[in-house]
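S.K.:
In the numbering used here, the protein residues as written are 9 to 97.
1. Spatial neighbours of residue 56 within its chain, please: C-beta separation below 8 Å, excluding the five flanking residues on both sides.
2. Evaluate residue 60 with the Cβ neighbour count: other Cβ atoms within 10 Å of its Cβ, from every protein chain shown; 16 or more gives buried, anything less gives exposed.
3. From residue 69 to residue 62, what does the alpha carbon distance come to, in whole angstroms?
4. Output the distance between the C-alpha atoms of residue 14 and residue 20, rounded to the nearest integer angstrom.
5. So residue 65 and residue 28 are supposed to be a Cβ contact under 8 Å. How far apart are they, rounded?
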(Lines of atoms letter the chains of each structure in order from A and count residues from 1; the text may use other names and numbers.)
(Lines give C-alpha, C1' and ligand atoms only; values in the text may rest on other atoms or scores of the structure.)
Protein backbone atom coordinates (compact mmCIF):
# COMPACT_ATOMS: atom_id res chain seq x y z
CA UNK A 1 0.00 0.00 0.00
CA UNK A 2 2.89 2.33 0.78
CA UNK A 3 4.31 1.93 -2.72
CA UNK A 4 0.88 2.47 -4.28
CA UNK A 5 0.37 5.70 -2.32
CA UNK A 6 3.87 6.94 -3.14
CA UNK A 7 3.27 6.41 -6.86
CA UNK A 8 -0.16 8.01 -6.55
CA UNK A 9 1.31 11.09 -4.88
CA UNK A 10 3.97 11.41 -7.57
CA UNK A 11 1.30 11.29 -10.27
CA UNK A 12 -0.75 13.96 -8.53
CA UNK A 13 2.32 16.19 -8.22
CA UNK A 14 3.18 15.65 -11.89
CA UNK A 15 -0.36 16.67 -12.81
CA UNK A 16 0.10 19.70 -10.57
CA UNK A 17 -3.15 19.07 -8.69
CA UNK A 18 -3.74 20.57 -5.29
CA UNK A 19 -3.84 18.18 -2.37
CA UNK A 20 -7.52 19.03 -1.84
CA UNK A 21 -8.29 17.17 -5.11
CA UNK A 22 -6.28 14.05 -4.30
CA UNK A 23 -9.00 12.22 -2.33
CA UNK A 24 -11.50 11.96 -5.23
CA UNK A 25 -8.73 10.70 -7.53
CA UNK A 26 -7.59 8.22 -4.89
CA UNK A 27 -11.11 6.90 -4.39
CA UNK A 28 -11.39 6.29 -8.15
CA UNK A 29 -8.18 4.24 -8.05
CA UNK A 30 -9.12 2.00 -5.10
CA UNK A 31 -11.22 -1.20 -5.07
CA UNK A 32 -14.74 -1.00 -3.64
CA UNK A 33 -13.97 -2.88 -0.41
CA UNK A 34 -11.30 -0.29 0.47
CA UNK A 35 -13.67 2.55 -0.43
CA UNK A 36 -16.27 1.14 1.97
CA UNK A 37 -13.60 1.22 4.70
CA UNK A 38 -13.04 4.93 3.99
CA UNK A 39 -16.79 5.61 3.86
CA UNK A 40 -17.18 4.46 7.49
CA UNK A 41 -15.07 7.38 8.69
CA UNK A 42 -16.50 10.83 9.56
CA UNK A 43 -16.89 13.24 6.65
CA UNK A 44 -14.20 15.61 7.93
CA UNK A 45 -11.62 12.81 7.86
CA UNK A 46 -12.71 11.67 4.39
CA UNK A 47 -11.77 15.04 2.90
CA UNK A 48 -8.24 15.04 4.34
CA UNK A 49 -5.75 13.10 2.18
CA UNK A 50 -3.13 12.77 4.92
CA UNK A 51 -5.74 11.28 7.24
CA UNK A 52 -6.91 8.83 4.56
CA UNK A 53 -3.30 7.91 3.81
CA UNK A 54 -2.64 7.22 7.48
CA UNK A 55 -5.76 5.07 7.79
CA UNK A 56 -4.85 3.02 4.73
CA UNK A 57 -1.26 2.48 5.83
CA UNK A 58 -2.39 1.42 9.29
CA UNK A 59 -5.11 -0.88 7.94
CA UNK A 60 -2.90 -2.65 5.42
CA UNK A 61 0.29 -2.76 7.46
CA UNK A 62 1.82 -6.22 7.42
CA UNK A 63 3.65 -7.44 10.48
CA UNK A 64 6.81 -9.47 9.99
CA UNK A 65 5.03 -12.65 11.03
CA UNK A 66 2.10 -12.08 8.67
CA UNK A 67 4.44 -11.26 5.79
CA UNK A 68 6.41 -14.47 6.43
CA UNK A 69 3.19 -16.49 6.57
CA UNK A 70 2.01 -15.09 3.23
CA UNK A 71 5.43 -15.64 1.66
CA UNK A 72 5.88 -19.20 2.90
CA UNK A 73 2.40 -20.31 1.81
CA UNK A 74 2.53 -18.70 -1.63
CA UNK A 75 2.63 -21.21 -4.50
CA UNK A 76 2.89 -20.94 -8.26
CA UNK A 77 -0.51 -21.22 -9.93
CA UNK A 78 -0.89 -24.07 -12.45
CA UNK A 79 -1.68 -21.65 -15.29
CA UNK A 80 0.94 -19.06 -14.34
CA UNK A 81 4.48 -18.86 -15.60
CA UNK A 82 7.57 -18.92 -13.43
CA UNK A 83 8.14 -15.30 -14.39
CA UNK A 84 4.69 -14.42 -13.00
CA UNK A 85 5.47 -16.34 -9.82
CA UNK A 86 8.76 -14.51 -9.43
CA UNK A 87 6.96 -11.17 -9.85
CA UNK A 88 4.30 -12.11 -7.27
CA UNK A 89 6.94 -12.93 -4.69
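Note that CB positions come from ideal geometry on N, CA and C, so glycine has one too.
M.R.: Quick answer:
1. 31
2. buried
3. 10 Å
4. 10 Å
5. 20 Å between Cβ atoms; not a contact.
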